[in-house]
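One structure is given below, encoded as structure tokens.
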Amino acid sequence: MKKGKINTPKRIAHFLVQGCYETGGFKHFKEHLNYKTPKNYMKVFRGKFKNKQHASEYLRNPRKLGNYVYSGRDGNTAPKDGYKYSGKGFFHLTFKNNYKRYKKN
2 MKKGKINTPK RIAHFLVQGC YETGGFKHFK EHLNYKTPKN YMKVFRGKFK
52 NKQHASEYLR NPRKLGNYVY SGRDGNTAPK DGYKYSGKGF FHLTFKNNYK
102 RYKKN
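Right, here's the structure in full:
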């Protein structure tokens with residue numbers, strides 16, 4: 002927090018609220034990618050699905066979904082990078098390039 006200059010009550014509050022939001026109240030430190038309806042997929046991953054039928058092909062298959070929606074973006078180049086580098090941690094860090102940047106710091 003010191004390095005990021007999160008050093009005032011307002012900044013600390015914003016930091017904690019964002020972490021709380023990302024983790025569903027500090028309960029989920031890994032993106033679940035297991036939505037129950039095609040409508041939810043279309044809402045969360047706008048523009049990635051042509052229609053509900055297309056989205057339904059990914060229901061209850063987090064690996065397949067992660068590899069599809071996060072493929073070919075921000076360093077995710079290998080076939081399984083999408084799921085491997087899906088959101089994890091306090092702020093649900095996503096994408097291979099972001100993992101590399103985080104590791105350097």
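In this note's numbering, each number is its position in the sequence shown, counted from 1, plus 1.
By construction, the Cβ of each residue, glycine as well, lies at the ideal position given by its N, Cα and C atoms.
Among the residues of its own chain, which have a CB less than 8 Å from the CB of residue i, if the five just before and after it don't count?
i, result
"residue 2", "8, 13 and 16"
"residue 45", "36"
Do you know how far the Cα of residue j is from the Cα of residue i?
i, j, result
"residue 66", "residue 31", "14 Å"
"residue 52", "residue 6", "43 Å"
"residue 86", "residue 40", "24 Å"
"residue 72", "residue 95", "11 Å"
"residue 48", "residue 10", "38 Å"
"residue 19", "residue 54", "33 Å"
Which residues bound the alpha helix (DSSP H) around residue i?
i, result
"residue 99", "97-105"
"residue 10", "10-23"
"residue 57", "53-57"
"residue 2", "Run containing residue 2: none; DSSP gives neither H nor E here."
So who's on the other strand from residue i, going by DSSP bridges?
i, result
"residue 34", "None, per the DSSP bridge assignment."
"residue 89", "31 and 94"
Give every residue of the same chain whose Cβ lies closer than 7 Å to the Cβ of residue i, excluding the five residues on either side of it in the sequence, and list them in chain order.
i, result
"residue 24", "30 and 91"
"residue 21", "27"
"residue 93", "23 and 32"
Apart from the five residues just before and just after residue i, which ones in its own chain have a Cβ nearer than 6 Å to its Cβ?
i, result
"residue 59", "65 and 66"
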